[in-house]
Structures are given as structure tokens and as C-alpha cells.
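The numbering of the first sequence is numbering that gives the first Met the number 0, which starts it at 0 and goes up by one.
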Amino acid sequence: MAGHYDFKMIETKWQEKWAITPPVEPDKARPKFYCLEMFPYPSGKLHMGHVRNYSIGDVIARFKTMSGHEVLHPMGWDAFGLPAENAAISHGIHPFRWTMDNIDRMRVQLKQLGISYDWRREIATCHPGYYRWTQWLFLQLFHRGLAYKKKATVNWCPSCATVLANEQVVGEGVCERCKTSVGKRELSQWFFKITDYAERLLSDLELLQGWPEKVRIMQENWIGKSTGAEIDFPLVGTPDKITVFTTRPDTLYGVTYMVLAPEHPLVEKLTAGTAGEAAVREFAARARAMSEMSRTSQDGEKVGMSTGAFCRNPLTGEDVPILIANYVLLEYGTGAVMGVPAHDQRDFLFARANGYPIRVVVEPPGAELDLESMQEAYEEEGVLVNSGPFSGLPSGEGKKAISGHLADMGAGRQKINYRLRDWLISRQRYWGAPIPIVYCESCGTVPVPEAELPVLLPMDVAFKPTGQSPLNDCPEFLHTTCPGCGGPARRETDTMDTFMCSSWYYYRYTSPRDETEAWSRTAVDRWLPVDQYVGGVEHAILHLLYSRFFTKVLNDAGLVSNREPFTNLLTQGMVLKDGTKMSKSKGNVVSPEEIVDRLGADTARLFILFAAPPERDLEWSDQGVEGCYRFLNRVYRLVEPLAGSLAGWTGSQPHAAALVGVHREIKRLVHQTIRRVTEDVEKRFNFNTAVSAVMELVNALYQYRDRVPEVDRRWDLLAEAVETLLLVLAPFAPHLTEELWQATGHGASVHATAWPRCDEEALQEDEVTVVVQLNGRIKDRVEVEAGLDAAGLEEKIMGLPQVQDLLVGKTVVKVIPVPDKLVNIVVR
RNA sequence: GCGGGCGUGGCGGAAUGGCAGACGCGCCGGACUUAGGAUCCGGUGGGUAACACCGUGUGGGUUCAACUCCCACCGCCCGCACCA
Numbered sequence: 000m001a002g003h004y005d006f007k008m009i010e011t012k013w014q015e016k017w018a019i020t021p022p023v024e025p026d027k028a029r030p031k032f033y034c035l036e037m038f039p040y041p042s043g044k045l046h047m048g049h050v051r052n053y054s055i056g057d058v059i060a061r062f063k064t065m066s067g068h069e070v071l072h073p074m075g076w077d078a079f080g081l082p083a084e085n086a087a088i089s090h091g092i093h094p095f096r097w098t099m100d101n102i103d104r105m106r107v108q109l110k111q112l113g114i115s116y117d118w119r120r121e122i123a124t125c126h127p128g129y130y131r132w133t134q135w136l137f138l139q140l141f142h143r144g145l146a147y148k149k150k151a152t153v154n155w156c157p158s159c160a161t162v163l164a165n166e167q168v169v170g171e172g173v174c175e176r177c178k179t180s181v182g183k184r185e186l187s188q189w190f191f192k193i194t195d196y197a198e199r200l201l202s203d204l205e206l207l208q209g210w211p212e213k214v215r216i217m218q219e220n221w222i223g224k225s226t227g228a229e230i231d232f233p234l235v236g237t238p239d240k241i242t243v244f245t246t247r248p249d250t251l252y253g254v255t256y257m258v259l260a261p262e263h264p265l266v267e268k269l270t271a272g273t274a275g276e277a278a279v280r281e282f283a284a285r286a287r288a289m290s291e292m293s294r295t296s297q298d299g300e301k302v303g304m305s306t307g308a309f310c311r312n313p314l315t316g317e318d319v320p321i322l323i324a325n326y327v328l329l330e331y332g333t334g335a336v337m338g339v340p341a342h343d344q345r346d347f348l349f350a351r352a353n354g355y356p357i358r359v360v361v362e363p364p365g366a367e368l369d370l371e372s373m374q375e376a377y378e379e380e381g382v383l384v385n386s387g388p389f390s391g392l393p394s395g396e397g398k399k400a401i402s403g404h405l406a407d408m409g410a411g412r413q414k415i416n417y418r419l420r421d422w423l424i425s426r427q428r429y430w431g432a433p434i435p436i437v438y439c440e441s442c443g444t445v446p447v448p449e450a451e452l453p454v455l456l457p458m459d460v461a462f463k464p465t466g467q468s469p470l471n472d473c474p475e476f477l478h479t480t481c482p483g484c485g486g487p488a489r490r491e492t493d494t495m496d497t498f499m500c501s502s503w504y505y506y507r508y509t510s511p512r513d514e515t516e517a518w519s520r521t522a523v524d525r526w527l528p529v530d531q532y533v534g535g536v537e538h539a540i541l542h543l544l545y546s547r548f549f550t551k552v553l554n555d556a557g558l559v560s561n562r563e564p565f566t567n568l569l570t571q572g573m574v575l576k577d578g579t580k581m582s583k584s585k586g587n588v589v590s591p592e593e594i595v596d597r598l599g600a601d602t603a604r605l606f607i608l609f610a611a612p613p614e615r616d617l618e619w620s621d622q623g624v625e626g627c628y629r630f631l632n633r634v635y636r637l638v639e640p641l642a643g644s645l646a647g648w649t650g651s652q653p654h655a656a657a658l659v660g661v662h663r664e665i666k667r668l669v670h671q672t673i674r675r676v677t678e679d680v681e682k683r684f685n686f687n688t689a690v691s692a693v694m695e696l697v698n699a700l701y702q703y704r705d706r707v708p709e710v711d712r713r714w715d716l717l718a719e720a721v722e723t724l725l726l727v728l729a730p731f732a733p734h735l736t737e738e739l740w741q742a743t744g745h746g747a748s749v750h751a752t753a754w755p756r757c758d759e760e761a762l763q764e765d766e767v768t769v770v771v772q773l774n775g776r777i778k779d780r781v782e783v784e785a786g787l788d789a790a791g792l793e794e795k796i797m798g799l800p801q802v803q804d805l806l807v808g809k810t811v812v813k814v815i816p817v818p819d820k821l822v823n824i825v826v827r
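1) Per DSSP, Ser-187 forms a beta bridge with which residues?
2) Where DSSP assigns a beta bridge to Met-458, which residues make up the other side?
3) Buried or exposed: Glu-229, going by 16 or more other Cβ atoms within 10 Å of its Cβ?
4) Please list, in chain order, all residues of the same chain as Pro-818 whose beta carbon is under 7 Å from its beta carbon, the five residues on each side excluded.
5) Measuring alpha carbon to alpha carbon, tell me which residue in Phe-498, Arg-507, Ile-216 is nearest Phe-548.
6) Please state if the CB of Pro-248 and the CB of Lys-398 are separated by a distance shorter than 8 Å.
7) Candidates Asn-554, Leu-553, Val-559, Tyr-545: which alpha carbon is nearest Val-523's?
8) Please name the residue, chosen from Phe-62, Val-336, Glu-317, Thr-315, that lies closest to Asn-325 on a Cα-to-Cα basis.
9) Taking DSSP's pairing of strands, which residues face Ile-478 in a bridge?
10) Would you check if the distance between the CB atom of Tyr-429 and the CB atom of Glu-84 is smaller than 8 Å?
11) Counting only the same chain and skipping the five closest in sequence on each side, list residues whose C-beta sits under 8 Å from that of Arg-615.
12) Tell me which residue opens and which closes the alpha helix (DSSP H) that Pro-800 is part of.
13) Is there at least one non-hydrogen atom of the ligand PLP closer than 7 Å to the beta-carbon of Ala-160?
14) So which of Asn-220, Pro-233, Val-279, Lys-148 has the shortest CA-CA distance to Ser-187?
15) Arg-311 by DSSP, collapsed to three states: which one?
16) Answer yes or no: do Thr-688 and Gln-427 have a C-beta to C-beta separation smaller than 8 Å?
17) Would you mind listing the alpha helix (DSSP H) stretches within the segment 390-435 that are 4+ residues and don't spill past its ends, in chain order?
18) Should Ser-402 be labelled buried (16 or more other beta-carbon atoms within 10 Å of its own) or exposed?
19) Comparing alpha-carbon positions, which option in Pro-457, Gly-775, Glu-639, Glu-782 lies nearest His-3?
20) Once DSSP output is grouped into helix, strand and coil, what is the label at Phe-6?
21) Are there three or more Cβ pairs, one per stretch, closer than 8 Å when the segment 55-69 is compared with the segment 92-105?
22) List in chain order: all unbroken alpha helix (DSSP H) runs of 4+ residues lying wholly within the segment 694-761.
23) Closest to Met-47 by CA distance: which of Asp-346, Leu-112, Pro-25 is it?
24) Under the three-state reduction of DSSP, which class applies to Asn-823: helix, strand or coil?
25) Alpha carbon to alpha carbon, how far is Leu-145 from Ala-556?
26) Check the DSSP bridge columns for Pro-39 and list the partner residues they point to.
27) Cβ of Ala-410 within 8 Å of Cβ of Asp-231?
28) Buried or exposed for Arg-294, going by 16 or more other Cβ atoms inside 10 Å?
29) Helix or strand or just coil, what does DSSP make of Val-595?
30) Here's a check: name, in chain order, each residue in its chain whose Cβ is nearer than 7 Å to the Cβ of Ala-747, leaving out the five neighbours to either side.
31) Can you give the Cα-Cα distance for Cys-159 and Cys-177, rounded to whole angstroms?
32) How many Å lie between Gln-297 and Trp-210 at the Cα?
33) From Val-697 to Arg-633, what does the alpha carbon distance come to, in whole angstroms?
34) I'd like the list of long-range same chain contacts for Pro-511, defined as Cβ closer than 6 Å, with 5 residues on each side in sequence excluded.
35) Looking at His-670: is its Cβ nearer than 8 Å to the Cβ of Leu-762?
36) Helix or strand or just coil, what does DSSP make of Val-814?
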């Protein structure tokens, strides 16, 4: 395409130069800035979401560098995981080979984008030099009592043939990765006690003021703290009891039945040998099957049946029937609920449908509830009634009084419950970090000593879709000796959830090649916490919560100094095409490779930053990309022909006071642009408006060039303007700006040059346009001297003849002057 | 159901309570040209001959002044979803 700049030549040239001589070298004297983007899974190809993620990160990193920071900006690969193993099963390629080939391809693509990564720090989680430390971390948790193995009913994805953590079951009970409906299995698995940290993970959210509120709220809801009491209901006729968790001990007098989850262990005991045993068992089986299916298909219908047994209300001494019902979950609280139909909507629906009595014990202040006409449970605060000695108390006080009384009786206690479950980290798959544990007949479960790490993943294994780790079929791996007694032992064959590998990688970047420790304490203390983290909101819970958990454990262990890993978080929106997410099946995928090849990396980056603010979803537009390409060409055509003339004027900054007319206006616009771009990048992350500010400057410079005769041009001014243009555009379009920077006579890299400073004096205006309003409606615009105070402005405007004309026949009620902006005259 | 977000030209999007629609795309016109799907210049919310006037999802409210703040509602998107 004639007349277009040769982006291919320029981009290749600078990428090669920067690879040999990085434009910016480390400088410990500068304040640090750790800029991190979520590392990708090496699927084989970059997609537009990656381009967006890394373009945003690169603008921030380059801007911070130019603003005087020493910036850590690393990249790596989240390289363990299922797709590699599935490729092995279906195509016979070894996961290692598949992953490494993908990494090689994607690295090339990333380099073609010109992102300013420090490639010397590149890591891959599947490298033994990395996963050795993932295993070491497992041991740290193990030794602190935070890793344990237990038999449990766990989420099982039949398609991935492995277990999943609760966090990996999404939507209507489907697998986070493959969207297959998740089932249950009874398995002995390794867990991390993240629940020990529930309270701190919750309360420390307050420290994360640099995170989007949305993400903090999502984590808060996920942790799901609820405060209440546990209450014991003795079983009639046996020494056993049923314990319930409730947030409403004030409604204890309203209990008309007790409900157990169908899977509750007491159910068997209560019904053994009774006439209803078979029926109950059948119901429980059916409920279990139903809960495995989509929960929403039940449409919230509440069904249950009696066990025939009774328990005793500890306060009233009343015997209440024990039921089982599908709406009680074994996993939450104690798996048992006291039924208070008058004050809990679920109990209400269940009681109404199944004919259980409803007893009102809380009434709204100054009103009475009528059982007959009640359409729903009354769940609000109120005054206790029908509650023995507690009647008359407001429900808040009733809560305290009743729990206090129960505590005195030994029948209840304060209790805080969390929705958060422990993190299941075992995976029955090959392509992950082996769990460093061996099982010995005489010593039991034995951790592999640190000195023996890494537990290497054997390369020569068979890949079969069995639902068992291929490591089970690998005798060399399986059989080992016990580190304790030296006797024969068997290795753990499960590998770790890949989220474990990605929960600590940002520490490893600080000392990526260290072979003696996971990280150097000095390096971690220098760089952590991450100052800016950028990534998709889809990681709001899983990755970010796990990383916070790890950081707290490491902090407790004295291994890091920071309490939180990521100070500021930017969650970018998705890249859409035709209103929906790009996907192969919809055929609306735009390949970054093709865009870079056809229009260049600078264009691709610029468009993706310009098309929308970062948090919002971005609609891909082929024409919009062309527009950005045109803009960069405009920059090139503006600067390149002037380059020779400008070369002699580098660094010149004509004083604003020495300029008049159009020259002065250009000077002002140059500095307005500096101010706008700086604020948009630094404070608001509004890269779209930053780019538009630069576009306005370019438009103005074209006008200046075309309208000011060559003899009248101020070359010193033009040089300042072009320098500024290149500097503020550099983080967005690093290659073109570097090319033009060199062409205009600069020696050092534009990326190593200091960010321009806004000269306040240059912003000064002599005259401003003031809007004249009548009752808020615009009637006129007037040029007045800048800086007039309110009184001066009012006097000036009211004295104008055209303003007086507007006021003929009207009475001025009030005048509101806003200096340098407007005057609103209120008339009748 | 609960929690969060978003509704502005033909489109993507701008607007510390103070000139709605910056910037870009598209479209229209002009210049240059053998040519233009290159480039440059101008125009472009609706409405009108021109004014007036009407315009930020809908209806209220606060204010001298509301896209912006408050209340109610409608629509779309995201998260959680029988959490006791």
C-alpha cells in the first residue's frame, strides 16, 4: 500500500534491537513498580483477550518506567493442565512436547506485539525448576497442618475424568473448564485448609481499596460469613442430639419441626428397624439423585417426609417431629435445620405444602400477623410474642437473651459459619505437579523431604482416558522407598490442581532461576506486593482468592513480608465481535496474528486500547482498526518529512510567554495533552480518552503545518510538540514512536526518556468563552478575560448590551456567576 | 430471589452538577487525480427555509443549573443462588 509507513520493517527492526539491548536497564535507585498481567495457559495461540490484557499492562509498565520507576514486568506460562493431556490422548503427542511447542509459538506472537517483558525472567510452571518449589510449598502447608487428606464426597467431572474444587464448579453445576455437568464421587483426597483463613480473607478485603468493588463483593459472598448460634435438640428416647445452626435463635419458640438433609448420617440411625425405613431410604436416594441433576430443574419445590422420630425443643420442652427434606444441604452448617415456617420463607413454603403447623413468634412493630392471610414468612425484625419469658423483647435483644440462656443451659453456643469450603487440590491426572507424599506400610503418610525435591514427573507413561492418573501404571514412579524407615513405599499418584501453580508464580518472578530457594527474600521484599495486576474478571474468585490465601500462609510462616499479594487490580472486559464473545463455534474469531501481519502490532494495540475503557467489554470493529492504522500513518506522515529539520532542535522548549497566536495555542495544547494523557493513564486507566487526546494534538499539528507558512513556523515549538507527541504515544505504539524518535535526532530510546511534564504556565488562557444562560437556557457566548472572579464576571456580563437586550421586560431575580465558565441569570 | 453493573447519535464511545455527543468509525460534500477503496479539507443528533423548539431508557424529585445527585419503574449484562 503506497504512502503507508512500513510497519513490518520498523517493528521487526526494533524488536530485534530491543532483544539484544533492552532500552531500559534495572536501576535499584529508582522506586519500584511491579506490573503484572495474568500469565496465559499455553493453548497454542494468542487470542484478542490476551492482546487486550497485555496491551493494557504494557501501557502501564512503560508509563511507569518513563515516570521514573524501576519496573518489574515479567511473563511466563501456566503450563500444567488438561488440554495438554487431552492432546496426548487424542493425538499421541506427549504433553511436554505439546506444551513446549505452544509456548514457543506464543512467545513469538507476544514478542511480535512488542510488549516490554523482561524475558530473562520467563517461567513455565511445568518446568522441574519451577514445580520443585510448588511441591516445596505443598510441604510448607503440610508442615503447618494446612494440608490434609480425607475421604469425602467430591465433585467429579466425567469429561475431564478428575475431581474439581468447589470453586471450579460453576453456573448450574457444570465444570468450569469443559461445561460438563458435574457429578459426585466418594474419594480420599488432599485438601488445603483455606477455611482456617476465612476470617482474614474476609476482613483483609478492606485493605484492597485498589481492587474493583465488584471483585471484593464477589469474594465476600464466596466466603459467606454468617453469624448465629448452634442449638442442641435432644433426641427423644436416646442420649443423642441433633445440632442445628441458625441465624435466628430468637425464633426458637416458633419451631414446629426439625429437618435433616437426606444424606445426614443420623437418618440411618433414626429409622433403622422402623416401619418407615425403606420409604425414607428411597426418598433419600431420590433426593440425592435430584441434587446431582441441575438444581434449578426442581424449581425450588420443597419435598420431604417424616422419619417418625422426635426431638425436644431445649427451651419449650416440646417434642417436635424430625423430617428429611430436599431443601436442607448436608454441606452447610450442621446439615440440620430447625423449621420455623412463620419466619423463614423456605420453611413457610414447605409447611404450607405439607401441612405442618405455622407458629408466629415475631410480630412487626405495632402490627399483628394473621396466620390465615399470611402469604409469606415474616423475616424482618420485630417484637417477640408467644415466647414465654422472652415475649415483648425486640428480636435483636431476644436473639441475645435466648442464646445467652441456651449457653447457660449448655444447650447452645455462639457460632460463625462460612460458606467457603476447604480447597480440594488432588487431581487424578498426569500433567501436573506430583504431590510430594509417599505412603509407607509402617510410617503411614510421609512427606518427601525437601532435599529430595523435585518429585519428577516421569516422561515415559501411557495416556489413556481411565479416570486414574497414568502415574498408577508407572512402576518406576509408583514404587519408592520410605524417607522415614527406608522400607518399600508407594508414591501419591495424584497431581496438584493447576491453580496451585498459579497461586504463587508472582513470587518466583523475583528470582526465577534460583536453584536453592523458591525466592530470595531480598528480591521478594524489594518487589512485592504487586503494584498493578491486570487480568480478566473470570478469576475474581478462584485464582485471586487462592493467591491471597497463599500469601497469608507465607506471611504467617515468615517467608514473605506482605499481607496481600496484589495492591491494585484492574479487571478488563471481554473482547466481543457482533455482540458476543469470540469463539470458534460462532465463527467470529479475529486472529491477532492476522491483524499484526496486515496492519502491525502498534495498530492492534492502539485500537484495542482506544475502542473502550479497559473494564468494559470491547466490540471488535474491523473498520475501527483501520481508523487506528490511518492515525498512525498520519503521525508518520506528519513527523517523518519534518524529521531532518527537527533534528537540530531536540530538547527545545520555547517559553509560553514568548509565543503569540497560533504558536501560543499549540504550546497550550501540547501541555494540555500532557496533562490529559498523564491523568488518563495514571489515575483513571482511561486509555481510550488518552488516545483521543493524542489524536487531537495530531490534528492540530496538521493544521499548524498547513496554515502557517514555512517561514513563520516556530521550529523550536514544533520540535517540542513532536517530542511530546512521540513521548506520550510511546506506551501505546512503541515501535513507530521509537522509529520517529530516532529519526528526529534522539540518541537514547524514547522508552528510556522521562515522561514529559506539564507546564502550568503554558496552560494559562488570556481569554475564555463564558456561556450566558437565562433560566438555565443558553442564550449567548461571550469572550472575556480569563481569571475574573465571580463579582467581576457578573459585572462584566451584566454590563454587556446584548445581555441587557435579553433582559428587556423581565425582572432579574438572581445571577449565578461561575468564573471562567458561565453566568446564569434567573428572571421572571 | 439476592448482590453488582450498564442504558447517551447510524455504530464504538466523551462529558470534577455548569456549552450533551470530544475522539474514532460510517455517511455526505469538496480538493487533488487517468483513476481512488490513497491523501487532504469541510459537514454530519432530531427538527426548521432559517429561527424557535425537542433531545442522554420511563415517570417523579432536589437545584439557578441534572447524562451526572435522590426516589420509583422498565430493559439488558454479570456473579451467587434452597447458605438455615
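For every residue, glycine included, the Cβ atom is placed at its ideal position computed from N, Cα and C.
Looking at the atomic coordinates:
1) The residue labelled residue 187 in the question sits at position 188 within the first sequence. DSSP output for Ser-187 lists Lys-150 as bridge partner(s).
2) Here the question's residue 458 lines up with position 459 in the first sequence. Met-458 pairs with nothing; no bridge assigned.
3) Locating residue 229 in the first sequence gives position 230, counting from the first residue. Looking at its Cβ environment, which holds 16 or more other Cβ atoms inside 10 Å, Glu-229 is buried.
4) Indexing the first sequence from 1 puts residue 818 at position 819. Here the set comprises Leu-787, Asp-788, Ala-789, Leu-792.
5) The residue given as residue 548 occupies position 549 in the first sequence. The closest CA to that of Phe-548, considering only Phe-498, Arg-507, Ile-216, is found on Phe-498.
6) Sequence index remark: in the first sequence, residue 398 carries index 399 (1-based). Sequence index remark: in the first sequence, residue 248 carries index 249 (1-based). Taking a C-beta distance under 8 Å as the contact criterion, Lys-398 and Pro-248 qualify as a contact pair.
7) Position 524 of the first sequence, counted from the start, is the residue given in the question as residue 523. For Val-523, the nearest C-alpha among the options comes from Val-559.
8) For the purposes of this step, residue 325 is taken as the residue at position 326 of the first sequence. Here the closest residue by C-alpha is Val-336.
9) Indexing the first sequence from 1 puts residue 478 at position 479. Residue 478 is actually His in this sequence, not Ile. Among the bridge pairs identified by DSSP, His-478 is matched with Arg-489.
10) Walking along the first sequence from the start, residue 429 turns up at place 430. Walking along the first sequence from the start, residue 84 turns up at place 85. Cβ distance < 8 Å, so Tyr-429 and Glu-84 count as in contact.
11) To locate residue 615, count along the first sequence from 1; it is residue 616. Result list for Arg-615: Gly-572, in chain order.
12) For this step, residue 800 is matched to residue 801 along the first sequence. Taken as a continuous stretch (DSSP letters only), the alpha helix (DSSP H) holding Pro-800 covers 800-805.
13) No copy of the ligand PLP appears in this structure; indeed no ligand is present at all.
14) Taking the first sequence and counting its residues from 1, the one referred to as residue 187 is at position 188. Checking every option, the nearest Cα to that of Ser-187 belongs to Lys-148.
15) On the first sequence, position 312 is the one that residue 311 refers to. Arg-311: strand per DSSP, three-state reduction.
16) In the first sequence, counting from the first residue as 1, residue 688 sits at position 689. In the first sequence, counting from the first residue as 1, residue 427 sits at position 428. No, these two residues do not count as a Cβ contact at 8 Å.
17) Look at the segment 390-435 and you find these whole runs of alpha helix (DSSP H), each 4 residues long or longer: 394-408.
18) Position 403 of the first sequence, counted from the first residue, corresponds to residue 402. Buried: at least 16 other Cβ atoms inside 10 Å.
19) In the first sequence, residue 3 corresponds to position 4, counting from 1. Considering only Pro-457, Gly-775, Glu-639, Glu-782, the residue with the shortest C-alpha distance to His-3 is Glu-639.
20) Taking the first residue of the first sequence as 1, we reach residue 6 at position 7. Helix at Phe-6.
21) The answer is no - the segment 92-105 does not touch the segment 55-69, with fewer than three Cβ pairs under 8 Å.
22) 714-728, 733-742, all fully within the segment 694-761.
23) Taking the first sequence and counting its residues from 1, the one referred to as residue 47 is at position 48. Nearest C-alpha to Met-47: Leu-112.
24) By one-based count along the first sequence, residue 823 stands at place 824. The three-state secondary structure of Asn-823, taken from DSSP, is strand.
25) Numbered from 1 along the first sequence, position 146 holds the residue referred to as residue 145. Numbered from 1 along the first sequence, position 557 holds the residue referred to as residue 556. Their backbone Cα atoms lie some 12 Å apart in a straight line.
26) As a position in the first sequence, residue 39 is number 40, starting the count at 1. Per DSSP, none; premise fails for Pro-39.
27) In the first sequence, the residue the question calls residue 410 occupies position 411. In the first sequence, the residue the question calls residue 231 occupies position 232. The Cβ atoms of Ala-410 and Asp-231 lie closer than 8 Å to each other.
28) The sequence position of residue 294 within the first sequence is 295, counting from 1. Interpretation of Arg-294 is limited by its pLDDT of 47, a score under 50 that renders its predicted location unreliable; the figure taken from the coordinates is listed afterwards. Exposed is the call here.
29) For this step, residue 595 is matched to residue 596 along the first sequence. DSSP places Val-595 in helix when its eight states are reduced to three.
30) What you label residue 747 is simply residue 748 of the first sequence in a count that begins at 1. Correct list: empty, nothing qualifies.
31) In the first sequence, counting from the first residue as 1, residue 159 sits at position 160. In the first sequence, counting from the first residue as 1, residue 177 sits at position 178. Their Cα atoms are separated by approximately 8 Å.
32) If you number the first sequence from 1, residue 297 lands on position 298. If you number the first sequence from 1, residue 210 lands on position 211. Low per-residue confidence applies at Gln-297: pLDDT is 47, beneath 50, and the placement is therefore not dependable enough to give any value.
33) Here residue 697 corresponds to residue number 698 of the first sequence, with the count starting at 1. Here residue 633 corresponds to residue number 634 of the first sequence, with the count starting at 1. Answer to the nearest angstrom: the Cα atoms are 8 Å apart.
34) To locate residue 511, count along the first sequence from 1; it is residue 512. Taken in chain order, the residues that qualify are Arg-120, Ile-122.
35) Translated into the one-based positions of the first sequence, residue 670 becomes position 671. Translated into the one-based positions of the first sequence, residue 762 becomes position 763. Yes, the pair counts as a contact, with Cβ atoms nearer than the cut-off.
36) As a first step, residue 814 is located in the first sequence; it is residue number 815 there, counting from the start. Judged by DSSP in its simplified three-state form, Val-814 adopts strand.
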